[in-house]
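*Asks:* Pasting a structure below so you can have a look.
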Amino acid sequence: MPVADSVTVRNTVAYAVEQAESAAREGQQQVSLHLVAVASTRSVDPDAQSELGQAKDLLDRIEVWLDEDLGAERPSNLDVETGVIGADRYLFSPGNYADVILAYAEEHGIERVILDPEFNPGGTTPMLRPLEVELVRGDIEVETAPVERPARSTALARAATLPKYLTVFGASYLFYLLLSSYKPLDFFTGAITATIVTALLAPIAFSRQPSLTRIPKQLARMAIYVPYLLKEIAVANLQIAYVVLHPSLPIDPEMVDLEAAVWGDAAVTTLANSITLTPGTLTVSVSEQAFDIHSLTGSAREDLFGGGLERAVRFVFYGREAAAIPSPRERGQGEDSDTESEVGEPEVADDD
1 MPVADSVTVR NTVAYAVEQA ESAAREGQQQ VSLHLVAVAS TRSVDPDAQS
51 ELGQAKDLLD RIEVWLDEDL GAERPSNLDV ETGVIGADRY LFSPGNYADV
101 ILAYAEEHGI ERVILDPEFN PGGTTPMLRP LEVELVRGDI EVETAPVERP
151 ARSTALARAA TLPKYLTVFG ASYLFYLLLS SYKPLDFFTG AITATIVTAL
201 LAPIAFSRQP SLTRIPKQLA RMAIYVPYLL KEIAVANLQI AYVVLHPSLP
251 IDPEMVDLEA AVWGDAAVTT LANSITLTPG TLTVSVSEQA FDIHSLTGSA
301 REDLFGGGLE RAVRFVFYGR EAAAIPSPRE RGQGEDSDTE SEVGEPEVAD
351 DD
């Protein structure tokens, strides 16, 4: 059973224990119950160690639950194992998570996987259905635990901490000064404005705790990123100008999907806006790491799936090691549209 912290994980663990204990008491063969936390973090993510620590804390809680559910009358032919898997790999799509789970199942001879109905190692968007589909690839039984889901809270407020207040105040104050004339009164009114903005937005400004030690490094790398982005914008402008001025107007508009290897609100927003600022591509919508992008030309799509902007954004938010992550094209994206453009016309000609 893959586990992640959710509102139904306790009941799902109880269900898995009940199923394993029942199988052990009914038969004489050895029964093994594996409860594993699939590492949802990436090795280049600065929050990796804290997230791995949270996974281990969850497994410690599960150990206590196991003692409660099995008690002193645990069947002798029932083994229980816990652990973290996938921490040494880059996990992005449901297929990546399924690969890790299936590899573990094959290694340990597991024939059945029980899923928590709220199991979601990849983020806040439910991914249970696609994960189930991916797990079907293996010769293994997949079952969703029949446990009730409690009502979800829709409260907007989040905990406001000192790092959040300081980050929002600093960003608001600097932005105000950038728009000011740097008169003594501007420094005073900027402080008042930043204080009001901080009081209103600090509790809801971040989905995770900001790091005051990491932000200066990210700002320094952002200073390197801005000239790179301006260069990309200039090159794209020249390409679009050529297309517009060409007598045959060689455009090839197409909507494409990009599964970007970035995570976190700031990184996703930066990449989406960078794509939009670059002529020839326009970010239409974003859902977690899935980008719907309108591209005007084939060369724009080549640059998009080549991953230059994505790699640069990863450098800004996660450091130099993040550049080693494969580009979207190396991850198998963008190939379908290329194939369609290459073979589409001959297929039409054959039909005629």
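Everything in the sequence shown is counted per my numbering, starting at 1 for the first residue and increasing by one. For each residue, glycine too, the CB sits at the ideal point set by N, CA and C.
1) Answer yes or no: do glycine 138 and leucine 115 have a C-beta to C-beta separation smaller than 8 Å?
2) What's the gap between the Cα of leucine 174 and the Cα of proline 227?
3) What is the DSSP secondary structure of isoleucine 192, counted as helix, strand or coil?
4) What residue range does the beta strand (DSSP E) around threonine 144 cover?
5) Could you tell me how far apart the beta carbons of serine 295 and glutamate 259 are, in whole angstroms, since I believe they sit closer than 8 Å?
6) What separation, rounded to the nearest whole angstrom, lies between the Cα atoms of glutamine 54 and proline 247?
7) Looking at the secondary structure, which residues open and close the beta strand (DSSP E) in which valine 31 lies?
8) What does the alpha-carbon distance come out to for the pair lysine 217 and proline 250?
9) Please report the Cβ distance between alanine 98 and leucine 135, rounded to the nearest whole angstrom; I am assuming they are in contact, meaning their Cβ atoms lie under 8 Å.
10) For valine 256, which option in Ile325, Pro163 and Gly334 has the closest C-alpha, if you only look at C-alpha atoms?
11) I believe glutamate 21 touches leucine 78 by the beta-carbon criterion, under 8 Å. Please report the beta-carbon distance rounded to the nearest angstrom.
12) Out of His34, Gly298 and Thr283, state which residue places its alpha-carbon closest to the alpha-carbon of alanine 105.
13) Rounded to whole angstroms, what's the CA-CA distance from isoleucine 204 to alanine 272? Just pull it up for me.
14) Is it buried or exposed, arginine 314, if we count other Cβ atoms within 10 angstroms and call 16 or more buried?
15) If you count every other CB in all the chains shown that lies within 10 Å of the CB of glutamate 18, and 16 or more means buried, which is it?
16) Helix, strand or coil: which one does DSSP assign to proline 2?
17) Helix, strand or coil for glycine 252? Go by DSSP, reduced to three states.
18) In chain order, what residues of the same chain have a beta carbon less than 8 Å from the beta carbon of tyrosine 225, not counting five sequence neighbours either side?
19) Report the CB separation of isoleucine 62 from valine 3 in whole angstroms; it is logged as a contact under 8 Å.
20) Let me know the secondary structure DSSP gives threonine 276 once reduced to three states.
21) Pick from Thr269, Ser172, Thr213 and Thr8: whose alpha carbon is nearest that of asparagine 120?
22) Alpha carbon to alpha carbon, what distance is there between aspartate 5 and glutamate 111?
23) What does the alpha-carbon distance come out to for the pair phenylalanine 305 and glutamine 289?
24) Please report the straight-line C-alpha distance between alanine 145 and valine 113, rounded to a whole angstrom.
25) Can you give the beta carbon distance from tryptophan 65 to valine 13, rounded, assuming they're within the 8 Å contact cut?
*Replies:* With the structure as the only source:
1) In this structure, glycine 138 lies away from leucine 115, with their beta-carbon atoms at least 8 Å apart.
2) Approximately 20 Å between the Cα atoms of the pair.
3) Three-state result, isoleucine 192: helix.
4) Here the beta strand (DSSP E) through threonine 144 covers 141-144.
5) Between serine 295 and glutamate 259 a beta carbon distance of about 15 Å is seen, past the 8 Å cut, so the two are scored as non-contacting.
6) Here the alpha carbons of proline 247 and glutamine 54 stand approximately 60 Å from one another.
7) Element bounds for valine 31: 31-38.
8) Those two C-alpha atoms are separated by around 42 Å.
9) A Cβ-Cβ distance of about 5 Å is found for the pair alanine 98 and leucine 135, placing them in contact under the 8 Å criterion.
10) The shortest C-alpha to C-alpha distance from valine 256 to any of Ile325, Pro163 and Gly334 is the one to Gly334.
11) Contact flag correct, Cβ pair sits at about 6 Å.
12) It is His34 whose Cα lies nearest to the Cα of alanine 105.
13) Straight-line Cα distance between these residues: approximately 21 Å.
14) Counting Cβ neighbours within 10 Å, arginine 314 comes out buried, since at least 16 surround it.
15) Its Cβ having fewer than 16 others within 10 Å, glutamate 18 is exposed.
16) Judged by DSSP in its simplified three-state form, proline 2 adopts strand.
17) In the sequence under discussion, the amino acid at residue 252 is aspartate, which differs from the glycine named in the question. Aspartate 252 falls in the coil class under three-state DSSP.
18) By the criterion of a C-beta distance shorter than 8 Å, tyrosine 225 is surrounded in its chain by Ala312, Val313, Phe315 and Val316, once the five residues flanking it on both sides are discounted.
19) About 7 Å separates the two Cβ atoms, so the contact holds.
20) Reduced to three states, the DSSP call for threonine 276 is helix.
21) Looking only at Thr269, Ser172, Thr213 and Thr8, the smallest Cα-Cα distance to asparagine 120 is reached by Thr8.
22) Distance between the alpha carbons of glutamate 111 and aspartate 5 is about 24 Å.
23) Each residue's alpha carbon lies about 14 Å from the other.
24) Per the coordinates, the alpha-carbon of alanine 145 lies some 10 Å from the alpha-carbon of valine 113.
25) About 5 Å separates the two Cβ atoms, so the contact holds.
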